[in-house]
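Visitor:
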Amino acid sequence: MVIDGEICLLDILDTAGQEEYSAMRDQYMRTGEGFLCVFAVNNSKSYDDINQYREQIKRVKDADEVPMVLVGNKVDLTNRSVCTEEAKSLAHSYNIPYVETSAKTRQGVEDAFHKLVREIRKSNLVGIPSTCNNQVLISQIRLASKNLQHIEALSLKQTESNLKRSW
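Each residue of the sequence shown is one higher than the one before, starting from 5 at the first, in my numbering.
#1: Which first and last residues belong to the alpha helix (DSSP H) in which VAL64 is found?
#2: Less than 6 Å between C-beta atoms, sequence neighbours within five positions excluded: which residues of the same chain meet that for SER127?
#3: Counting along the chain, where does the beta strand (DSSP E) carrying ALA72 start and finish?
#4: Going by beta carbon distance, what residues of the same chain come within less than 6 Å of ASP30, once the five residues before and after it are set aside?
#5: Pull up the distance between the alpha-carbon of ALA148 and that of TYR102, whole angstroms please.
#6: Please list the terminal residues of the continuous beta strand (DSSP E) segment that includes VAL103.
#7: Please name the residue, chosen from VAL79, VAL42 and ARG34, that lies closest to LEU120 on a Cα-to-Cα basis.
#8: Under the rule that 16 or more other beta-carbon atoms within 10 Å means buried, what is GLY9, buried or exposed?
#9: Could you tell me if LEU74 is buried or exposed, where buried requires 16 or more neighbouring beta carbons within 10 angstroms of its beta carbon?
#10: Could you work out which residue in THR88, SER97 and LEU94 is closest to THR105 when comparing CA atoms only?
#11: The beta strand (DSSP E) spanning ALA91 covers which residue range?
#12: Leaving out five residues before and five after ASN83 in sequence, what residues of the same chain have Cβ atoms less than 7 Å from its Cβ?
#13: Alpha carbon to alpha carbon, what distance is there between LYS92 and ASP53?
#14: Indicate the three-state DSSP secondary structure (helix, strand or coil) for ALA44 in the structure shown.
#15: Can you tell me which residues form a DSSP beta bridge with PHE117?
#16: Can you tell me the Cα-Cα spacing of ALA107 and ASN77, whole angstroms?
#17: What is the DSSP secondary structure of GLU37, counted as helix, strand or coil?
#18: Note down the Cα distance separating GLN111 from ALA95, rounded to an integer number of angstroms.
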């Protein structure tokens, strides 16, 4: 993936909310540099849970500021329970970008990753130390229809210099 003229390679680890990964969640967060906090726009409980996950990420990272993007997913559905303005307001209060997506139609998905990579790069420019050789973990939070929590951890490696050397 090319973001702002620089090549990024995305490695994705999707735990799909499987309980056997819950014990490793803190480790995923500890090594991650950026996080997508995703809620379903048709599920207000998933939206309400975002603050809990954000606080967990900050606690594990031992940092007040961590690169994050708030993502409202399932915008292809008509039965919204969380309006765009409410989500934008929450993102503004966290001082992070907000993106609306549909995993089904892929609307906004690429934009969410682009914004996250830009947030990570911005944080690295202002002196927040980078960890794990630019390995990025994106913790994607969703709620299934029966209120079962699903956390998907996605890891992202920026390998611009390695790829540029191979060209």
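Beta carbons are placed, not taken as given, at the ideal position from N, Cα and C, and that holds for glycine.
Guide: From the atom records:
#1: 54-65 is the extent of the alpha helix (DSSP H) around VAL64.
#2: PRO71
#3: Sequence check: residue 72 is Met here, not Ala. Here the beta strand (DSSP E) through MET72 covers 72-77.
#4: VAL64.
#5: With a pLDDT of 28 at ALA148, under the threshold of 50, the predicted position of this residue should be treated as unreliable, though the coordinate-derived value follows. Answer to the nearest angstrom: the Cα atoms are 21 Å apart.
#6: That run of the beta strand (DSSP E) goes 102-104.
#7: VAL42
#8: exposed
#9: buried
#10: THR88
#11: Looking at the DSSP string, ALA91 is not in any beta strand (DSSP E); the run it does join, the alpha helix (DSSP H), is 88-98.
#12: Cβ neighbours of ASN83 beyond the five flanking positions: ASN46.
#13: 16 Å
#14: strand
#15: DSSP lists no partner for PHE117.
#16: 7 Å
#17: coil
#18: 19 Å
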